[in-house]
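A.B. asks:
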Amino acid sequence: MTDRDELVPPGLRDALAALPRERDPGAALEDRVVRALVASGDIGAEHAGRHTTVFRLGARPRQGMWISALAATLIFAVALSLWTTRRRAPLGDPYVLFLMQDSAYQAPPPGHWNERVAEYARWADSLDALGKIDLEAQVTGPGPLTGMFIVRAVSDADAARIARSCPHLRYGGHIDTHRLIE
Amino acid sequence: MTDDGSRKSDLALVQQFLRNRAEDAFRALYRTHTPALYGMALRLTGGDAAEAEDLVQECWVRAVRALGSFRAESALRTWLCGLLVNARRERVRTAWRSVDLVDAEAPSTASSDAWPVDLERAITALPPGARDVFVLHDMYGYTHREVAGLLDIATGTSKSQLTRARMLLRTSLYAGDRS
Numbered sequence: 005m006t007d008r009d010e011l012v013p014p015g016l017r018d019a020l021a022a023l024p025r026e027r028d029p030g031a032a033l034e035d036r037v038v039r040a041l042v043a044s045g046d047i048g049a050e051h052a053g054r055h056t057t058v059f060r061l062g063a064r065p066r067q068g069m070w071i072s073a074l075a076a077t078l079i080f081a082v083a084l085s086l087w088t089t090r091r092r093a094p095l096g097d098p099y100v101l102f103l104m105q106d107s108a109y110q111a112p113p114p115g116h117w118n119e120r121v122a123e124y125a126r127w128a129d130s131l132d133a134l135g136k137i138d139l140e141a142q143v144t145g146p147g148p149l150t151g152m153f154i155v156r157a158v159s160d161a162d163a164a165r166i167a168r169s170c171p172h173l174r175y176g177g178h179i180d181t182h183r184l185i186e
Numbered sequence: 032m033t034d035d036g037s038r039k040s041d042l043a044l045v046q047q048f049l050r051n052r053a054e055d056a057f058r059a060l061y062r063t064h065t066p067a068l069y070g071m072a073l074r075l076t077g078g079d080a081a082e083a084e085d086l087v088q089e090c091w092v093r094a095v096r097a098l099g100s101f102r103a104e105s106a107l108r109t110w111l112c113g114l115l116v117n118a119r120r121e122r123v124r125t126a127w128r129s130v131d132l133v134d135a136e137a138p139s140t141a142s143s144d145a146w147p148v149d150l151e152r153a154i155t156a157l158p159p160g161a162r163d164v165f166v167l168h169d170m171y172g173y174t175h176r177e178v179a180g181l182l183d184i185a186t187g188t189s190k191s192q193l194t195r196a197r198m199l200l201r202t203s204l205y206a207g208d209r210s
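Protein sequence lines, in the order shown, are assigned to chains A and B. Under the numbering used here, residue 186 is the last one in the first sequence; the count climbs by one each step, no gaps. Under the numbering used here, residue 210 is the last one in the second sequence; the count climbs by one each step, no gaps.
1) With DSSP run on the structure shown, which of helix, strand or coil describes residue 124 of chain A?
2) Checking contacts by CB at 8 angstroms: is residue 155 of chain A closer than that to chain B?
3) Under 9 angstroms between beta-carbons, which chain A residues line up against residue 67 of chain B? List them in chain order, please.
4) For the beta strand (DSSP E) that residue 166 of chain B lies in, which residues bound it at each end?
5) Counting only C-beta atoms, is residue 115 of chain A closer than 8 angstroms to chain B at any point?
6) What is the DSSP secondary structure of residue 112 of chain A, counted as helix, strand or coil?
7) Near residue 102 of chain A, which residues of its chain fall below 7 angstroms by C-beta distance, leaving aside the five closest residues on each side in sequence?
8) For the stretch 74-93 of chain B against the stretch 151-160 of chain B, do three or more pairs of beta-carbon atoms, one drawn from each stretch, fall closer than 8 angstroms, so that the two count as touching?
9) Which residues mark the beginning and the end of the alpha helix (DSSP H) in which residue 181 of chain A is found?
10) Check the C-beta distance from residue 136 of chain A over to residue 96 of chain A and give it rounded, since I have them as a contact under 8 angstroms.
11) Who are the neighbours of residue 57 of chain B on chain A, taking C-beta pairs under 8 angstroms?
12) Enumerate in chain order the residues of its own chain whose CB-to-CB distance from residue 93 of chain B is below 6 angstroms, with the five nearest sequence positions on each side excluded.
13) Start and end of the alpha helix (DSSP H) containing residue 116 of chain B?
14) Hey, is residue 128 of chain B's beta-carbon within less than 8 angstroms of any beta-carbon in chain A?
15) Within the chosen definition, does the stretch 62-70 of chain B reach the stretch 24-36 of chain A through at least 3 CB pairs nearer than 8 angstroms?
16) What whole-angstrom Cβ distance do residue 107 of chain B and residue 45 of chain B have, given they're in contact under 8 angstroms?
17) Nearest-angstrom Cα distance between residue 150 of chain B and residue 13 of chain A?
18) Quick check on residue 151 of chain B - is its C-beta less than 8 angstroms from some C-beta in chain A?
19) Mapping DSSP to helix, strand and coil, what is residue 28 of chain A?
20) How would you write the range of the alpha helix (DSSP H) that residue 100 of chain A sits in, first residue to last?
21) Hey, how far is the Cα of residue 96 of chain B from the Cα of residue 104 of chain B?
22) In chain order, what residues of the same chain have a beta carbon less than 7 angstroms from the beta carbon of residue 47 of chain B, not counting five sequence neighbours either side?
23) Compute the Euclidean distance between the alpha carbons of residue 173 of chain B and residue 161 of chain A, then round it to the nearest angstrom.
24) What residues of chain A sit near residue 204 of chain B, judged by a beta carbon separation below 7 angstroms?
25) Can you give the Cα-Cα distance for residue 112 of chain A and residue 15 of chain A, rounded to whole angstroms?
26) Distance check for residue 172 of chain A and residue 109 of chain A, CA to CA, integer angstroms please.
27) Closer than 8 angstroms, CB to CB, is residue 20 of chain A near chain B or not?
28) Kindly indicate the opening and closing residues of the alpha helix (DSSP H) around residue 12 of chain A.
29) Going along the chain, which residues of the stretch 96-115 of chain A sit with their C-beta nearer than 7 angstroms to a C-beta in chain B?
30) Could you give the DSSP three-state label for residue 35 of chain A: helix, strand or coil?
If you want it as structure tokens, here you go:
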């Protein structure tokens, strides 16, 4: 210990040294981390299909902690309405992607929401070009739910791959993916 | 286990994981290092267990994606702790900038007889910016240069935050003795 050690009396220094550096977070966190990594395809790819009926990408949401959800919801609603003019026949099974955000979401600077929406729109367009998105998606809010997309995927792993490609994750949001039963 | 032995063991675990990225190999890595990561996360978050768990998860997600570039030039745990601190910094970047250290309240007072408990509370009660520097420097042995790099602050800021944290701790803990 350096830097004006006189501010740290020996008794305090000893007490500091004795404080535990390690804590066991419990098995639940281990399972949660493993599930997230399997769902995102980062580990155990051969097991990916076992966990994907309902899965989540990105950070865990925390109740009551969300920002800009209403504003983002309105913007997504407008953006989605524009896409509905360019529908294509969807392929594969339907999956719903719930875009969620909390305090960890990195909102764009004031005045730059249009750029953010355009980025999401390009992502949706790329799926549309492949016939992998349904454009009747409804948007709800306010709340931690930012938006919703219905995509078409040939498997759970394919749906996870589509979700991972969404720019929402890059900004600290998270995505709950559910297979729809028709 | 010696540092060298620990490093070899870590490298073996990393190589085993990278062979096929199997879940079992990841769990072995996770169990070796998570108690230390969670302990640090709890200190950095002032005891917020939910936030600490999120940090640990984010740390492992980043680690798994970057393990291929890990070259064992530093200990794996040091590397992981760096990822954790980076994740923490990014999550609260805005909050940190708004911290007003002048107006931050000093920790509650306590007697040195109860230090194991009250010292924990006093550290938790430190203003976030000062607590981060104190935890990294005085508890985990990072140098000011390393702390400055991890927290994206100037070295001088790291030093002044450390001095402030130590003064707050000393004031609160010894005030109990004087009363």
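For every residue, glycine included, the Cβ atom is placed at its ideal position computed from N, Cα and C.
C.D. replies: If we stick to the structure as given:
1) Helix at residue 124 of chain A.
2) When Cβ-Cβ separations below 8 angstroms define contact, residue 155 of chain A makes no contact with chain B.
3) 25, 26, 27
4) First-last for residue 166 of chain B: undefined, no H or E at that position.
5) When Cβ-Cβ separations below 8 angstroms define contact, residue 115 of chain A makes no contact with chain B.
6) coil
7) 149, 152, 179, 180
8) yes
9) Note, residue 181 of chain A: premise wrong, no alpha helix (DSSP H); beta strand (DSSP E) at 178-183.
10) 7 angstroms
11) 38, 41, 47, 48
12) 114
13) 107-122
14) Note that residue 128 of chain B has pLDDT 37, beneath the 50 cutoff, so the model's placement of it is unreliable and the number below is only indicative. Residue contact check for residue 128 of chain B against chain A: no CB pair falls below 8 angstroms.
15) yes
16) 7 angstroms
17) 13 angstroms
18) yes
19) Note: residue 28 of chain A maps to coil in three-state DSSP.
20) It is not in any alpha helix (DSSP H) - residue 100 of chain A instead sits in the beta strand (DSSP E) that spans 97-104.
21) Distance between the alpha carbons of residue 96 of chain B and residue 104 of chain B is about 18 angstroms.
22) 56
23) 42 angstroms
24) Neighbours of residue 204 of chain B on chain A, chain order: 16.
25) 48 angstroms
26) For residue 109 of chain A and residue 172 of chain A, the distance between alpha carbons rounds to 9 angstroms.
27) yes
28) No alpha helix (DSSP H) contains residue 12 of chain A, which DSSP labels as neither H nor E.
29) 108
30) helix
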